[in-house]
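Student: The structure under discussion is supplied below as structure tokens; questions concerning it will follow.
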Amino acid sequence: MTVVDVTEADFDAAVIERSRTTPVVVDFWAAWCGPCRALTPLLEDAAARREGSVVLAKIDTDANPRLAQAFEIQGIPAVKAFRDGTVVEEFVGAQPRAAVEAFFDAVAPSRAELLAAAGDEASLREALALEPGRADAATALARLLLGRGDDAEALAVLTGLPADFQVDGLRARIRLSQAGRAGAAIAELTAGRDEQAFELLLGELPDEDVRMLIVGELDRRGAGDALVRATRRRLAAALY
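Per our numbering: the sequence shown = residues 54 to 293.
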């Protein structure tokens, strides 16, 4: 659904958590508010036109006063756009259609972003053609190439990208592979067996390329992962 009614009970799930994967525009409104009645149809049209790439969440401030207080709503309509759990854009008061469309354009994912999220090789290549500096698309494509043994093209895909844990880690992986080192650990990574790979890599510290590879793969998995937390503790102990 592109338009949802949200309450205090489901705000965290419907807005905060959902915005981690899809931008959510929140419309704070009330039934007695004339400007709200003028703005809401424009917001609904803008959300519908984007076919699920942006969600519109409608919050009745009279029925949900704690949310209005939490977000310091002083006047309505008040519109806030969330991405990754935080407010990234906002405005107060009725706006013309052109301004509403521009607001949605600013928070909606680009075509390159959508292609990068798709994750298949053709989509990743198209994403990089549209935005050559996209690290998420480049690292995903490089992993696909490394998985089939094409180290040279993987390195070319990563060339020119700014420093980044995953980019640096993949470059280190290529250097290790070309030098004939850490082969068993790299094979485990290719097979998706991260725990076994980390065990092998930790045994090869304090090699700098090994450290960079571990850090890059931990970043790929994400900070909340139990294996990541345990491996980071072991990495710190091994290095310091």
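Note that the Cβ used here is the ideal one computed from N, Cα and C, for glycine as well. On a predicted model such as this, the values are computed, not experimentally measured, just so you know.
(1) Just the Cα atoms here: how many angstroms apart are L254 and I267?
(2) CA-CA distance, L223 and W82?
(3) Select from A84, A238, R73 and G87 the residue whose C-alpha is nearest the C-alpha of V263.
(4) Do A110 and V68 have their C-beta atoms within less than 7 Å of each other?
(5) Give me the residue from T60, A151, D63 and D137 with the minimum Cα distance to L92.
(6) Out of L95, E97, C86 and D98, point me to the one whose CA is closest to D113's CA.
(7) Determine the direct distance from the alpha carbon of D63 to that of T75, and round the result to whole angstroms.
(8) Starting from the C-beta of V77, find all residues in its chain whose C-beta is less than 6 Å away, skip the five residues before and the five after it, and write them out in chain order.
(9) Examine the Cβ distances between the segment 128-146 and the segment 169-183 and report whether three or more of them are shorter than 8 Å.
(10) Give me, in chain order, the residues of the same chain whose beta-carbon lies closer than 6 Å to that of L229; leave out the 5 immediate sequence neighbours on both sides.
(11) Do A169 and R196 have their C-beta atoms within less than 7 Å of each other?
Tutor: Reading it off the structure:
(1) 7 Å
(2) 48 Å
(3) A238
(4) yes
(5) A151
(6) C86
(7) 16 Å
(8) V68, R71, V108, A110 and F135
(9) no
(10) A235 and D262
(11) no
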